[in-house]
Each structure stands twice: as C-alpha cells, then as structure tokens.
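In this text, residue positions in the sequence shown follow our numbering: the first is -17, and each later residue adds one. The beta carbon of each residue, even a glycine, is placed where N, CA and C say it ideally should be.
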Amino acid sequence: MKKILALVALVLVFGCDDGDITVKSFDFSGASVSTCTQNNIYYKTNTTEALILEIAPSNLYNIESELDGTGSMIPREIAITTSGANKVLYRNYNGPASTTNLICNTGDLTVTSPSVIEEWTGEGTILVTTQKDYTNGKLTGYIHNITLKQITFNSGNETIRINDNLFGSFTSPLGFNFSYGDEETPIAVACETASEDRVYKTSGNDVIILNFPDNTFVNVVGTLPIIELSADEEDYELLFKTYSGTVNSSIVCDLDTTIDINQNWRASSGSIIVVTTEDDINPGTFFHEIRLKDVVFSRTDVTSGETFTLYEVLSEENAQEAEDNGGFLLGTYVTN
C-alpha cells in the first residue's frame, strides 16, 4: 500500500505561531491484509499502527465482479460511516499492534491493552472488486480487492483526506469442501423416517439432498424422464447444505433438527438423470444411478445472490469425467 499523505483541512496551530500546516503520514506499504474469523474486520498493521476496516457481510459477498466493455472489472461501491456497519479506523498504540487479539476480540473495535494513543475515524467510499480463486482447477474461494476511493479521517478538529488508495486484497473461502466424487463406488441412501422420499449423500459436514415425490425411483429397468431443476420447481428439490459438525443420517432425516446449518443452497437450474438396472445375481434388487448435469446452486439462507456451478467445485478429474459421461455421478440408490 503506497504511503498515504494528507493535509489538515482546517488550519491548526500546534505550538507554533507562524501558521505551519501539519502533515500526517499513514505508512502501511508492504503490509498484507489480515482477517478476523469471529467478526467482519480486516486490518493491516505497521509496528504500533493499525488500519482497521469493518465491512458487513451483506456488502462483501462471493460474487465475481462484472466486466465492462474493455474487460475490466466493475467495482462495487460501499459507503463507510462512523456509526454504521461499515467503518474504517486508523489507530496508533503505545505498544505493538501485531496481535490478532488486539483487534479481533470484539466487534465494536474496543481495545484494552495496549492502549490507543491516537485514533482517526473515517467516512466516505471504498471500492471492491471480486474474482474467483481456483486451486488446481477447483473453485476454493473468492479474492476481494479493496480500494479506499474517498475517505475523510477525523481526529478532534483535524481532518485527513485520501483518494484512490489501495487497502489490499484477501481471500474468502467457500465455506465448504465439496469432496464428492472421489469414492470408488458412490452410494446414495434414503431416509426411513422422513415424510418425503428423501435420498441423500453426505461428505464430512456437507450433504446433498434429493427432496423428490414418493415413488420417484420406480423398480423398472430403463431411464427415467429427465428431471429439470429450477428455482420455482416445488416437487423436485435438489439441496446442498453445510452443517457446523459432521453430518449423519439422524441429522439429515430429522426435519426438525436443531443442529446449526452454516449454509443453505438449492439447485436453480440443471437436470438430473436416473438410469435403473436390475441386479443379475439378486433379481428384484434395482440400482438407480443418479447423475447431476449442468447444475447451478443458488444460496437461499442469505439474499446476496451467490451461486456456484457443480462442475467448478469438483476436482479437474471429476469435472472432466462428468462432462464425458453426461453428468456427475452422485451415487447409486438401491431399492428392492
């Protein structure tokens, strides 16, 4: 981050009678952006100094920025105020500002030790551009780049204005691993107690659920009519949920569970293909192979409009296999 230089807007005299203009310097060049996992704070430090930015989750979401006619990302503007959910502060302490406990422990930015010897509160506008972050071809998060477009800092009667200064970038993870597709023989199972014919597959803290009408999986050899998915479809819901702990059958099948759900997603487009075969060795046992094709999930627990496509959260190998075989093999559901 380049060195921020600003002039005091009001002419103040500090022990001088000749009207000298005070110059304040915020120098965070080379400092990286750190994040607080327990709240919405992002900050940079330099010895005893800290530049602290608090952004409400509703303003910082995982959606890739749109492009203009030249291919450049169009930034989102976020208003910064002194009393709202989006804030920016500069602080100078009487000790090192390098510990996360100093800044991250409280959401209201209150500090106990070391103490603050200088503080400037800012208001104005920041710009955010967001791009997808891939690891080995798999979507793993989003990179947010933040610029302080126009910020006015105040401390008592002093005012500092900065324009178009890069705060820095940080990566927000997806919040789930999506480890499906690595099993040698993927299996989907059904709930025995749920009111619906709920077929699902778990992976760690994640679960994919097919909320389909009773008798969807009929014991007839052949291919079922393709099930088209949409945000408005009521009878055929394809859900993806992430929980705060490891998922088991009792959690998935108890419709009134109190276990915390971290994220809720629903397929808003795509299709499901089911091919049924009968076991040659055990007649009367049927295998329903379930494939998901071109599925897009939309987040439903927040109103940000976040989405992801199924293939981009698979490993490169699994995504290519899905493309080559008419869809991703979620698993085989066995009925008698």
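Might you give, ordered along the chain, the residues of its own chain that have their beta carbon closer than 7 Å to the beta carbon of residue i, omitting 5 neighbours on each side?
i: L33; result: F8, F10, Y25, K26, Y72
i: H126; result: L42, V110, T112, S151, F152, S154
i: A304; result: Y293, L296, F310
Taking just the CA atoms, how far does residue j sit from residue i?
i: Y225; j: G157; result: 10 Å
i: G66; j: I60; result: 12 Å
i: L220; j: T259; result: 23 Å
i: C18; j: C235; result: 34 Å
i: N22; j: N145; result: 23 Å
i: S95; j: E101; result: 15 Å
i: I37; j: V171; result: 41 Å
i: N201; j: G53; result: 52 Å
i: I31; j: V70; result: Looking at the sequence provided, one finds Glu at residue 31 rather than Ile. Distance between the alpha carbons of E31 and V70: 14 Å.
Excluding sequence positions up to five away, which residues of its chain have a Cβ less than 6 Å from the Cβ of residue i?
i: I190; result: K183, F222
i: E48; result: I56
i: T291; result: V278
i: S286; result: Y43
i: V5; result: Unreliable positioning characterises V5 in this predicted model, as indicated by a pLDDT of 44, which lies under 50. A coordinate reading is not provided.
i: L206; result: V256
Does DSSP classify residue i as helix, strand or coil?
i: T82; result: helix
i: A353; result: Residue 353 cannot be examined here, being either before or after the span of the chain that is shown, -17 to 318.
i: Y225; result: strand
i: V295; result: helix
i: Q20; result: coil
i: E165; result: coil
i: S11; result: coil
i: N318; result: coil
i: D188; result: strand
i: E46; result: coil
i: D276; result: strand
i: A61; result: strand
State buried or exposed for residue i, treating a residue as buried only when at least 16 other CB atoms are found within 10 Å of its CB.
i: N76; result: exposed
i: Y116; result: exposed
i: I128; result: buried
i: D319; result: Past the boundaries of the shown model lies residue 319; the chain is included only from -17 to 318, so the question cannot be answered.
i: I108; result: buried
i: D214; result: exposed
In terms of residues, what are the limits of the alpha helix (DSSP H) holding residue i?
i: S232; result: 231 to 235
Could you tell me the boundaries of the beta strand (DSSP E) in which residue i lies?
i: I133; result: 120 to 137
i: E105; result: 98 to 117
i: E36; result: 31 to 36
i: P155; result: 140 to 155
i: T198; result: Segment: none, T198 is in no beta strand (DSSP E) and carries neither H nor E.
i: N246; result: 243 to 260
i: N74; result: 69 to 75
Tell me which same chain residues have a C-beta within less than 8 Å of the C-beta of residue i, skipping the five on either side of it?
i: I208; result: S253, I254, I255
Quick one: is residue i near chain C, going by C-beta distance under 8 Å?
i: V181; result: This model lacks chain C altogether, as it is built from one protein chain only.
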